[in-house]
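Quick note, the sequence shown lines up with residues 8 to 173 if you use my numbering.
Idealized CB from N, CA, C, for every residue including glycine.
Here the structure is laid out as C-alpha cells; the discussion comes afterwards.
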Amino acid sequence: MIRAGVITVSTKGALGKRVDESGPAMHEMLVTAGHSVVHQALVPDEVEAIATAILAAVHARANVVLTTGGTGLSPNDVTPEATRRVIDREIPGIAEALRARSLEKTAHAMLSRGVAGAVGASLVVNLPGSPRAVRESLEVLLPVLEHAVELLAGESGERGHATGRR
8 MIRAGVITVS TKGALGKRVD ESGPAMHEML VTAGHSVVHQ ALVPDEVEAI
58 ATAILAAVHA RANVVLTTGG TGLSPNDVTP EATRRVIDRE IPGIAEALRA
108 RSLEKTAHAM LSRGVAGAVG ASLVVNLPGS PRAVRESLEV LLPVLEHAVE
158 LLAGESGERG HATGRR
C-alpha cells in the first residue's frame with residue numbers, strides 16, 4: 008500500500024500569490040490509482056523548508072514522497088539540493104526515466120535537475136512543477152511505485168517482478 012507525501016515547492020504559492028495546481032493534480036492521480044496521501048505541504052523555494060517538508064512526510068509514515076517544482080535552472084530552483092541533503096542514497100534510474108519520457112514531449116526536459124532517492128525505506132522523487140508534467144511523470148512512475156516500496160522495505164519484491172513483466 009502506497010502512503011504518499013505530496014510536497015509542492017513554490018515561493019509564490021507559499022505566499023498565496025499563486026494557486027497550487029500541481030499538488031492537487033498529483034494528489035488526485037495518486038488517490039485515483041488507489042493510494043493514500045498521508046501528508047501534503049506547500050513550501051517556498053528554500054533548501055531548509057524543502058528538506059524539512061520531506062522529512063515531515065517520512066515521519067508521517069509516507070513510504071513515497073513526491074515533490075513538484077523547483078527542479079529547473081533558476082537560482083531559486085533548489086529542490087534537488089534539498090533532496091540530496093536528506094536522502095541516504097540516490098536512485099538515478101527513476102529520474103532518468105522521467106526525463107526520458109518528458110523528452111518525448113519537449114526538448115526543455117533536458118533542463119530538469121530532478122533527483123530520486125531513499126530516506127530509509129521511503130522513496131523520494133522530484134517531479135517538475137507544471138500540472139501537465141506531473142501527470143506525465145506519474146504515468147511513468149505509478150507502475151513501479153509498489154515494487155520500489157517493497158524493495159526499500161526489505162521485502163523480496165517478487166510480487167513486483169511478477170506484475171511488472173511485459
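One thing to note: V16 has its Cβ no nearer than 8 Å to the Cβ of H34. With a cutoff of 8 Å on beta-carbon distance, P135 and V141 are scored as near each other.
Judged by beta-carbon spacing, V54 lies within the 8 Å limit of R92, meaning their Cβ atoms are closer than that value. In the DSSP assignment, the residues bridged to E97 are G124. DSSP places L73 inside the beta strand (DSSP E), whose first and last residues are 71 to 75.
The beta carbon of S43 sits closer than 6 Å to those of R10, all from its chain and outside the five residues before and after it, given in chain order.
In the DSSP assignment, the residues bridged to S43 are R10. In the three-state reduction of the DSSP assignment, T90 falls in the helix class, which pools H, G and I.
Taking A40 as reference, the option from L158, G161, A64, L152 with the minimal CA-CA separation is L152. Of the residues assessed, D52 falls on the buried side of the cut-off, its CB having 16 or more other CB atoms within 10 angstroms. Bridge partners of L118 according to DSSP: none are assigned.
By the criterion of a C-beta distance shorter than 7 Å, A32 is surrounded in its chain by P138, V141, R142, once the five residues flanking it on both sides are discounted.
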